[in-house]
Every structure is written in C-alpha cells, then in structure tokens.
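Heads up: the protein sequence lines correspond to chains A, B and C, in order.
Each step along the first sequence adds one to the number in UniProt numbering, with nothing skipped, and position 100 is 100.
Each step along the second sequence adds one to the number in UniProt numbering, with nothing skipped, and position 168 is 168.
Each step along the third sequence adds one to the number in UniProt numbering, with nothing skipped, and position 412 is 412.
Glycine is no exception: its CB is placed at the ideal position from the N, C-alpha and C atoms.
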Amino acid sequence: MGVLDADGECFTAIRDELVKLESQGVNGTLLATHLCDLASSLVSSTYGLNTFFVLISAYLVFAMQIGFAMLCAGSVRAKNTMNIMLTNVLDAAAGALSYYLVGYGFAYGKDGNKFIGSGSFAMHDFKSDVDYRNWIFQWAFAAASAGIASGSIAERTQFTAYLVYSTFLTGFVYPVVSHWVWSPYGWLTALDPEKEHLFKSGMVDFAGSGVVHMVGGIAGFWGAFLEGPRLGRFDVRGRKQEIKGHSGTLIVLGSFLLWFGWYGFNPGSQVAIADQVSAIIVARCAITTTLCGAAAAVTTLFAKKLLVAHWSVADVCNGLLGGFAAITAGCAFVEPWAAVLLGFLAAWTLIGMNALMEKFQYDDPLEAFQLHGGCGLLGVLFVGLLGKEDYVEQVFSRGNFGGLFYTGSGRLLAAQLVGAIVIILWTSLLMGICFALLKAFNLLRISQEDEIAGLDLTRHGGSNYPGDDHHPAKLYPPTALGQAADSNAKNVYSSKV
Amino acid sequence: MGVLDADGECFTAIRDELVKLESQGVNGTLLATHLCDLASSLVSSTYGLNTFFVLISAYLVFAMQIGFAMLCAGSVRAKNTMNIMLTNVLDAAAGALSYYLVGYGFAYGKDGNKFIGSGSFAMHDFKSDVDYRNWIFQWAFAAASAGIASGSIAERTQFTAYLVYSTFLTGFVYPVVSHWVWSPYGWLTALDPEKEHLFKSGMVDFAGSGVVHMVGGIAGFWGAFLEGPRLGRFDVRGRKQEIKGHSGTLIVLGSFLLWFGWYGFNPGSQVAIADQVSAIIVARCAITTTLCGAAAAVTTLFAKKLLVAHWSVADVCNGLLGGFAAITAGCAFVEPWAAVLLGFLAAWTLIGMNALMEKFQYDDPLEAFQLHGGCGLLGVLFVGLLGKEDYVEQVFSRGNFGGLFYTGSGRLLAAQLVGAIVIILWTSLLMGICFALLKAFNLLRISQEDEIAGLDLTRHGGSNYPGDDHHPAKLYPPTALGQAADSNAKNVYSSKV
Amino acid sequence: MACNSTLEAALAAVASAAKLDVNQSAVLTDFVCGYDGRIGDAVTGTNAMFLLFSAYLVFAMQAGFGMLCAGSVRAKNALNIMLTNVMDAAAGAISFFVFGFAFAFGGGAESNAFIGDYNFAQSHFSADDALANYGMWMFQWAFAAAAAGITSGSIAERTQFTGYLAYSTFLTGFVYPVIAHWVWAPSGWISAFNTGNMFLDVGMVDFAGSGVVHMTGGIAGFMGAWIEGPRLGRFDAKGRTQEMKGHSGTLVVLGTFLLWFGWYGFNPGSLTAIVPADGVLKHAIVARAAVTTTLSGGAAALTTLFARRWMTGHWNVTDVCNGLLGGFAAVTAGCSVIEPWAAILLGFLAAWTLIGMNRLAERIKYDDPLEAFQLHGGCGLLGVVFVGLLAKKSFLMEAYGKVEGTPYGLFYGGGGKLLAAQLIGAICIAAWTAVTMGVLFYALQMFGLLRITQEEEAAGLDLTAHGNSSYVFDDGKGGQDAKLLPPDAFQAKAPVKQGTERV
C-alpha cells in the first residue's frame, strides 16, 4: 500500500513537490489536498471492506453453533436434548469469556515466543478495529472447536465436567495450537515470508482441519474413551446396538446450518477481500468447499446404499460434514477436481473410521472423533500431496513449496505430517490428563440411574418436550369454569390423548 | 470526504488550477478528468459498500423474526403454536405494509417537526438509494418491536386484537419514538452536531434498548396486564404454577437465531462501514454485544443453579437475550470490560424482575416485559454511567459529553433518564388506551373454553402437530391394499400411536 | 480511466512546471497512476463479496426448502423429502460443475443461441471473465439447486428415490441450464443481455427467475406429480378432496422464514455486482429490489390471511406462508424494474392466483403436497407477465443498461413488445420443460422407477426406503437401554426418584 498507509507522510511528500507550482500561480496545496484525500478515503474504504468481510464471516462461523446445537439435539435421545443444547449455548457464551480473558492472548498476543502468545489478555491493549475484528473471528473458531468435542461425550457426562474441559479447551489447549500454526510467530506456521520455516515450508492449514477439527475431535475422543460407551450401546456379547437420535429433522436442519456457516469458516479465513488476489482466493475456497462436501455426500449416499441397503439421510449428512472437515485445510490450495477427489476419500475415511471404532467398542454419539479427527487428518495430509504451488504462493506470498504431486518435493508433506502428529500428541496429553483427573475425582460420568432417566430430568429440571399436562382443569374444581367449558375441555383433551 | 462528495465541483476546482499550466504544455483538462474520475469511482465504491452493509445488516435483523418465531413457539404450549407463529409472520409481513404506508413517514419523513415526521408516506418521494436501504433496515426494526410485544400476550389473545395493536404499534407508536431519538430532527436525539440538544447532550441509544426493546416490552406489559394471567398460571391461593413451553429445542434454536440476528441489529446500526472510524465502531459493537450476552448467560447459569438447583437451559437463553437487550443502547459506547459488567447486571435484573412480577401475579409467557422492558431500561441508564467520552465522540462527531463515571457530569445520564421516562409514558399511554379499548369492546381476550382448547383448534383450524391419522387404511376397505400391506401398515402405526 | 501514456505525459509536464527532478516526477506519476489498481481492487473485492454472500443466502433457501417440505408432509415421509433437499444441493453441485454451468453460461457471447458449450468442469476458469469465475459458479449453482428443490415438493410422499435421483440430475444438469442460457446468457436467443441480436428489441426481462427458476421447477414438478397421480387417500372414492395435513406447522413456518431470508440473496443478489463499472448506481437498484421483494411478499401474505379467513373461517398460518412465498415467486422477475406500489399490487394478485390455482388443481384431481406447481408455476407466470405490463422505463434502463427507445411496460405506454417477449418466453419455458421432463417422467414410469408401491406408501418412505423414522421417541424412563440390560442390573442401587437427585 506504500504511501497510502501513511496519510500524513503522503501529504508532506506530495505537497512539498506540488507547492513548487505556486510560483506559477497554481494552487498546489489544493491539488495536494485532493490527492491525499483520495488516498486516505481509499485506505479507509479498504479497511471498511475488509472489516465487513471478516465480521460477516465471523457471524457465519457463529451460525455453525446453531448448526451444532440442532445436529447434536437431533442425534441424541429426547431425554438428553436440553443437556446437549445447553453445552452448545455455553460453548459460545462461556467460550467468549474465557477467550476474552486468556485465550486470545495465548493465541495471538504479541509478546509471546514460538510456542505460546502473551499479552492482549482481556483486550487490555486492543487499539484498532483489526484487533476487534480478529477477536470476533477467532472466538467463533474457538467455540466451534469446543462444540465438536461436546458431541463425543454426549448423553453420559456430568455438566461440571463439561464446564471444566470446555473452559480448558477454549482457554488454553486450542489457543496454543492456533498460535503455532496461525500466528506469524508460531513454530509451525507458513506465514511471514521473512522468517525461517519448518522444512522451508511450514504447516499449511488454511481454515483449520488440523487446528480446529483435529483438536476438537481428539479432545472428544479422550473424553468418550475414558468414560466408556453409553449403557446399552454394546450388548453383553459386544455387538453394537443402534441408539437412534430422536429427530432426523433436527439433524438435517443442523447439517444445513453447518454448511451455511462453513462459508464463513473456509472462505472467511482469508480475512481480506479488498484486493483482486484475495477475492480470487475467497471465491475458490467457496467452490472447493461446496464440491468437496457434495462429493462426500453423494459418495456416502451410494456407499451406504450398497452396504446397508438404505438411502440413509443421517449418514449422508455426516458424510457431507466429513467432506467439509477434510477440505478445510486445503480449500484455498487445491483445484476443484481435487476437491471432488478429496470428498470421495473423506466419505470412505469416515466409513472406515466408524467400522474401526465399532471394533474397539468406542462410542461417540455424534461420530465427532471419526468425522472431525479422521477426516481432519485426511485433509491436512491431502494438502501435502495436492496443494498447488501457484495457489500456495498466492496465499503466502512466497513460492517454491507445494504438494508432492505438483512439486515432486515432500517438504510440505513432511511439515503437514509433523504438524498433525504434534497436534495429536499435544491434545491427547492435555485433554487426556484433564479427563483422567475428572474421572479420578468422580466428576466425569453420571450414574447409571441418571443415564437411564436422562440428563434432562435429573440435571435440567424436566423434559425438553413436556406434554400438555399442565392444563388448568387440574387446578380448579370441575365447576369453576362452568359446565360448558368443562365438557368442551374434556372433549378436546380426550381427542388429543 | 471533502472533495469526494461533490463530484462536479471537484472537477471545476481542480481543472481551474491545472488549466493554468497549459502554457507549460500540461494537458490540465485530461489530468483533472482523470483525478475526478478516480474520485467518483471511489465514491461509488463507497456507496456500494455502505449499501451492501446496511442491507446485509437488515437481513440479519430480519433473521431475528425467525428467532422470535421459534422462541415463541417453543415457549408456549403446543396447542397455541400456530397462533403465535402467525403473529410473528405478520409482524414482518403486515408490518411491511403499515411501515410502508405511514410508519416510515412518521419516523423519518423530512417535513416533520421535533415530535413527529411527515412526508415519504408510501415512498412517494423516495429518490436515492439511501432511502430504500434505510427503509429496509428500519422496517426490520419495527417488526422486531412488534415481535417483542406479541410474546407477552401469547396464549390468550384474540387474533383481531393482535391485528389492531400490531398495526398501531408499527404504524404509529414505535415510529414516533424512533423519530425523537434517531431522526436528526427529533427533540431527544443526540445526532446533528449543529443543533441544540437536550441538556447539551441528547439521548444516546445506539441500536434501541429504549427505542425498540422498551417500547415493545412496555406495549406487551399493558396487553398482558389488562387481560390478566393465563388460566391456571396462578392457583386459587395465588401461588405460581409452572406452565412449560412445549419444546426446549425450539427455544434454543430461536435464541441462537436471535443472537445471530443481533449482529445486524447492533453493529449494523452504524449504517456505514466504508471508513476507518465506522469500521472500528462496527467491530467494537460486535465485541461488546458478544461479551455482554455471554456474561449474562454465564451469570444466569450459575445464579439459577444456586436458586433452583438446576442447570436450566431456557433460563440461560433468556438471560442471554437479556444481556443483548441491555447492551443494545451502549454497544458502541462502552468498553469490553464494561460490557461484561453490564451482562452480569442484566442477568440479575431479569431474575429480579421475574420475582417481582410473580408477586404481582403478572403473567408473561415469554418474559418479554421483564426482559426487554427491564434489561432495556438498564441498558439505557448504563450508557449514562459508563459511556466513554471518546467513543461517544467517534459516533456523534461532537465531544464533551459522556457517562458520569468518565466525565463527572450527569448531563448524559439526565438525558437518558428523561428519554426513558418519556418512552415509558408515551408507550403506556397509547398502548394502554389501545388495549383498554379492545378490552371494552370485548375484542381482547379469548373465552375460557377457547383457552382450554387452545387457539390453534379454535381459531386456526387444527393442531400444529396433527397425528398421522390421515393414513389411507381408513379410506379404503381393509383388503384394498392386500394383506401384506395392511399388516405392515398396522405395525407401523401401532408403534407410533 | 486507465493510466495511459497521454496521462503520464501530462503528469511529466506538471513535474517539469514544478521543476521537479526525475525521481520526484516518478513519485508523482506512481502515486496518481497507482490509484487505478487500488480502486480497482476495492471494487473487485466489494463485488466479489456481494456475489458470494448473495450465493450463500440463496443456498440458505435449501435449508428453508428442507424444513418447509418436512413440515408439509406426514411424519412418515420426512426423512425422504429432506434427503432430496440435501441431494438437490449436493448431487446438484456435481452435475452443475461437470456440465450444467457450461450448458448455461459457457462460451459467453460466442456460444450459440440455444445452449452453451464451453468450460465444462471449470476447465477454462478465468478470474476476469464475469461468466466464468468461481463466484458466478457459486451463485448459479445455488439457483439450479433451488429449481430442483421446487420440483421435489410436487412429487413428495410417493416417489422412488431412484426416480428422484434421475430427474434431479437431468433437471440441474440439462433442462434448467438450457433455459438459463436462453434468458440470461449474452448469446441466448431471448436474452435481454443479447446486445447483438435483441429479441423484439428488448428480450425477455426475468431479473431473478420467476420464469427461469420458478416456472421451470414448478412445471417439472407438475409433470412428475401428474404422471404418478395423487397420493393414496388424497381423493376419496367419490372424488372429494381429503385434507392431508403436514406433520408440523412449526417446520413450515421455520422453512418459510428461511426462504424469505434467502430470497434477499436471490432477488437483490441477481444484480451480481453492487459497484458499477459503467457509472450506473447499482446499489440503488439492489436496495430497491430488496424493498419490492419485501412488499410483494407482505401484501400476498396479508391478502391470503383475510381471503382464507373469509373463505374458511380460520386464520390459517400454513396458507399465509404459502401466500407469502407466492408473492416472492411473482416479484422475482420484476423486482428491479417495478415500483414499490406495483409490488404491492403484484402481491395481491399473486395471493389470488395461488388460491385460484389450488381450486383448479383440486378440480382436476391434481395432488401436489407442497402446492409447488400452483405456487411456483402459477405465481411465477404471473410475475413474468406482470413485467410486461408494469416495467418502468427508467428502472429498465438502469438495471439492464437499456438505451432510450427500449420497449417497456404496456401500462406505462411502452408498447406491447415487452409483453410479447415475456409471453413468448413463458410459453417456450413451459413447453421445453413440459416436453423434456414429461418424457423423462414417462420413461421412469414405464420402467417402474417412478412411483412406490401402495404398501410402501402406506407404511411411509422413511421406513421402507430409509430404514428409519425421523422421530424416535423414548419415554424418558430407560427406553432402549433398559431392554438391553438384565432386569437386575440396577437392583444394587436405590431406585431412581424422578427429579429428586441434583448434583
């Protein structure tokens, strides 16, 4: 942007020259003022456009919380819906407070080192709109990460345990990973053309297949693994029993809202649109995201038809989301045909992971680990194979690295592998300890009685869907409403029961 | 923007200077044309960007209608859902017509006086795009105001009464209040640096804690107060009986959609983003809104756990919305930490209001008066205490007024108080008369029989959730479908009934 | 506006007049000339964002269709219809990517008048070409998915899933793109953008697709629903209509509201740019399109409310929702070229059109669970014709870049040419869709791939084709788990007292 950034300097430099025209009877100051007004308006307008883009993208990412809430509610039994929806509300609400106090500082604070950020706690040094808009965008991502994990441990976890791990995840575990990959100071990052990068490449994770989805999925895995499967999920001989969610409608609604929100998640991660290159990248992200999810959904549709002889809508929805989780790392770097290929692979990855986890009697009501962990890992590695060199250069303003199949060099793939492994280890270690401690203090799993009765009744004060049994007839003597009313009421109710 | 505003003048002024150089071989006309072309394309880009911003914000505010509809539907009993959702659809649809015919004219018509606008009825003098985009944005606000009121009187109001008060509210009562505060001609406004303001300050209500939420809440209060509580809400000894809404899922869905839409309501109220100052204000609004709602939700979670020993999701949702209603006035003027504080206060305000209203045997199925009226009032006053002087100056381009704790001067607080009181009086007077007249003509409350049977059955032609009793087996003789089909169908249906 | 050599010479002359040295002169030139690119960037970014976010909003209509359809059918078929809505977007993306987009917009002005033939699978993507970039693909894909979504409503509750897959791919991949090519591509034979060979001096004015999208989807649905016949029990033995209510009014309202939300991408977004390249203030048109859309829908809803109250004695929310959507479908063609008051009039007419079409459908024993043909076909046709009557000249010039002397609305004195173009366009769309989709549905019927058996219909598609029910209820007292465990599993501990235990 050069001169445009420094309004005052623009004015001085240009004015000094143009003022020389005054000797010719020309009002050079007027000319200079005009030029510098143009410059500053343009800077302002560009700022505005980028802020607008980041904010709207953040709102879309936030809309994914609505999607998670509906998807989770539909995927569990009616007796646990209030519980899981409350966790989704708090992923966003409590997540906002912990991300405000410490999370953002650990992730993007400017005084940190390669491993962890520092500063900006409680926004104490926020100055410009860039800080504000980044915070909103990053908070929405942190909430998504916590939302993923809460799916794995649904239907059998104490609410206190949820409060503890969720705060820990959004406040510390996730921010540190995002610092590594997305802060220009992080040790894994591919940003900042000036610095040294891991394997001269750095890890490339555009919108967070690794940073968000793997972290959320693996965190969920440890919780679900340590507390064991839901009662009745595997029978005495270890055969899987279907435990169906209570509403397919909510599953579809949730999946659609997640799809909608993913257009903030992936294209929005460019965090700028006010220049031609960014605009191209953003549009490419939108199309690769669409195609990958679509290919995964279609693959799942036919695969499931072959495997179980049904056109299964819940499976198609999960396949769709698996495709999205996979493309998240590479949406800006792969060509549209590669996105279709990735979607195909993601669908099979999810099917394979589900079969595998069934073997291990691992129970995940939302398939969150299989989906976000498995397809997320696939997506991270896929960039190492099919990330196009030109596209990578567009994003990072530095060339000479890219996927194995384009460049013939495995440097990027190696960086992706190292990144994935470190993310797995870090999340497993911290979240494993966290859940193990909760278990040791008996704060993790609810009692069998509570599980059978359902969390809504035992912890949340009643059912999500109360019947109409509160009607006034019970509170008044039969004559209170007069005879007509009474008989009317009886007729109505008897026809309803 | 200076020269940028007046394209034609730009050309003349610059050319006059440059033409003086023609003797030196300078093609001054060409240069001037080029420079002014640049300026005008920048202006049109800015226009486009701002229009886009206002429109998207309006769409988000409109999305709040979806939220209201789902929240209301979930919060009432199944037998009244169609009724309340119809009112929500009509708040937007019929509201569009009454706001088109008269509402916008009363609010922003240019020929009015301090008290009421005039002109622009039925858009007859709409010229520029600014009129059209403003209309869309303001219409969405008017619909929100009507949506609030319809919650208070749910489950017991005649549909005719709804049509009357809703048209009156969006067509007259609300537009007049918005004229006072948001039109540059209004007597309460803080806009327009040139004019005299109330207490040299004017009322500061950025997105409408007073103008929208208090008006809606108080209108609802008078309706609910005059028709009295629902049958069975208070038993013969005056003790409160819980009347639960029929679906927690819909409550959560609605709250999330309202949260989503609030990002249009609050940040969108800047109605411009194409300059750096606006961009900063918009981003700050997004942050304070998020933090205030989040703090209110978390406070409510723990407060309710202490008070009633449940982790209550419906209460958390209401607390969240209370936080949003409170921050709406000050989202652009308070610092992030103050937003957290305000959220904390809003949660307790709502809890207190609910306890108080229970004492008075006031019944409000959505807690709309307590939430929008109570927390809205809190938000209006809070700006008088903690509105930061610098931030106020950013928005209004005039300094020297702000919150008591920053400036030591109570002028703003006094203006806020006067504004709040006048809004209360105006709304109470007009809506009180409106509801009293409806009551006098027996058009307000439904009969006891209807109330027990439910509005859906008596006014809307059937239940919202008909069972599957239309299946063909009833219409055909048992043998028509063949034996296999018949037994199949029977199995399916018997398991469903 | 470009910085050319003449301009640079002028700047150099200024520099010499000011007695600047070579370096300072270069600074001045760079500074002034640099604006071209920078302002271009801002314009590109704003327009790209406008197009993409409009596409996202149009996509949100799929969520709306999904919920509206689910609520409008019986619970036993909810999964089925929602799956078709998911696949409209997902399978539609693949077929529209591979060939649909190329048929519709490939080749720009070079392709023939009937069908596009270039840029299959985005093989010739170009960021600079307004018709071959990724953002445009996103926007057009969302439209194609909407057309397919309309059709799936008509044939709900009685169609084989295989039949659905076949027609949906055919519609999004071929039938719809060809129509889009005719009306919206620069080389289309009836296109208002066909500057080289303008049909009747004006072309068909269908701004956002009352004809291209809604009539196509509605008529395709009609052919399907007509060929397979009404649902079992829809008409009794004496031919009287039996009400078959959808299972959830809540979902109907949710879906309608989401469609309304998405329509703000569909109509105003169809300008595809908000900052002009040609000096016309496009943002004014966008804002006006949002206003006319709102008013038409609002008027239709209100008209339906009172009309149905008068006819049936009820305030009926599902009818109001359908009326609202009818108003939107009607205003889609003319949202950028009619005045706000005309939008209200159009909404009023749309409501009565829908009511009349429903009467007619009942008379001929046509069964459409979503009223999709009546709504999208009928109100869509109304909207197309209405433009021929009340398109305002100045608006037409703004929105379509028409020059002085262009035909415009009949009632404004613009002659009958526009109306003729609208009518011919509508007839060709109807004929093309009816023939192609009719043949397809008929073939499916012949091969036994269209309608499910009576047994399946009675049991519901969810159970027979999807192995599931959309709603699995449990009683909150153990449900499925209790059955799997031995009865004494919990005896060691105290029995549960409901709600007494709080942790």
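Relative to the C-alpha of residue i, which residue among the options is closest?
i, options, result
"C/G173", "C/A93, C/G221, C/R231 and C/T151", "C/A93"
"C/G221", "C/R74, C/I155 and C/I285", "C/I155"
"C/V435", "C/L57, C/G116 and C/Y176", "C/Y176"
"A/S209", "A/G95, A/A107 and A/C375", "A/C375"
"A/Q407", "A/G119, A/G223 and A/L386", "Correcting the residue type first, residue 407 of chain A is Thr in the shown sequence and not Gln. Residue A/L386 is the option with its Cα nearest to A/T407."
"A/F68", "A/G254, A/E451 and A/A294", "A/G254"
"C/I429", "C/G217, C/V472, C/G116 and C/G467", "C/G217"
"B/G228", "B/S98, B/S178, B/Y465 and B/E451", "B/E451"
"B/R411", "B/D16, B/L198 and B/P175", "B/L198"
"A/G28", "B/I424, B/E17, B/A78 and B/G117", "B/E17"
"A/V277", "C/G45, C/V22 and C/A350", "C/G45"
"B/I287", "A/T288, A/A122 and A/G223", "A/A122"
"C/V384", "C/L254, C/K393 and C/G211", "C/G211"
"B/W222", "B/T300, B/G105, B/K20 and B/T157", "B/T157"
"C/W310", "B/S57, B/M70, B/R459 and B/G109", "B/R459"
"A/G220", "A/E194, A/I153 and A/F260", "A/I153"
"residue 504 of chain C", "C/A15, C/A63, C/T353 and C/Q122", "Nothing about residue 504 of chain C can be reported from this structure: the residues present for chain C run from 1 to 503 only."
Which of helix, strand or coil does DSSP assign to residue i?
i, result
"C/T500", "Since pLDDT at C/T500 reaches only 38, below the 50 mark, its modelled position is unreliable, and no value is offered."
"C/Y471", "strand"
"B/L404", "helix"
"C/T159", "strand"
"A/S463", "coil"
"B/T160", "helix"
"A/S183", "coil"
"B/T189", "strand"
"B/R445", "strand"
"C/T332", "coil"
"B/S247", "coil"
"A/F53", "helix"
"B/F141", "helix"
"C/T272", "coil"
"C/F235", "strand"
"C/T151", "helix"
Among all the DSSP beta bridges, which residues are the ones paired with residue i?
i, result
"C/S191", "C/M204"
Sufficient close CB pairs (3 or more, under 8 Å) joining the stretch 153-168 of chain A to the stretch 438-449 of chain A: yes
Taking 8 Å as the cut-off, does the stretch 61-72 of chain A touch the stretch 264-276 of chain A (at least 3 CB pairs, one atom from each stretch)? yes
Mind checking the stretch 100-122 of chain B against chain E and listing, in chain order, the residues whose C-beta falls within less than 7 Å of any C-beta there? Of the chains in the structure shown, none is chain E; the protein chains are A, B and C.
If you pair each beta-carbon of the stretch 244-263 of chain C with each one of the stretch 456-467 of chain C, do three or more pairs fall below 8 Å? no
Decide yes or no for the touch test of the stretch 288-295 of chain C against the stretch 74-83 of chain B: beta carbon pairs closer than 8 Å, at least 3 of them. no
Inter-stretch contact at 8 Å, needing at least 3 Cβ pairs: the stretch 187-201 of chain C / the stretch 322-338 of chain C: no
Pairs of beta-carbons, one from the stretch 2-17 of chain C and one from the stretch 28-44 of chain B, closer than 8 Å: are there three or more? yes
Taking the runs of the alpha helix (DSSP H) that are 4 residues or longer, which of them lie wholly in the stretch 289-345 of chain B? 313-330
Would you be able to state if there are at least three C-beta pairs under 8 Å between the stretch 127-142 of chain B and the stretch 431-438 of chain B? no
Assess contact between the stretch 387-397 of chain A and the stretch 95-103 of chain A, defined as three or more Cβ pairs (one per stretch) separated by less than 8 Å. Is contact present? no
Counting only runs of 4+ residues fully inside the stretch 198-259 of chain B, write out the alpha helix (DSSP H) ranges in chain order. 215-227
Quick test of the definition: if touching needs 3 or more C-beta pairs under 8 Å, does the stretch 312-328 of chain A touch the stretch 336-347 of chain A? yes
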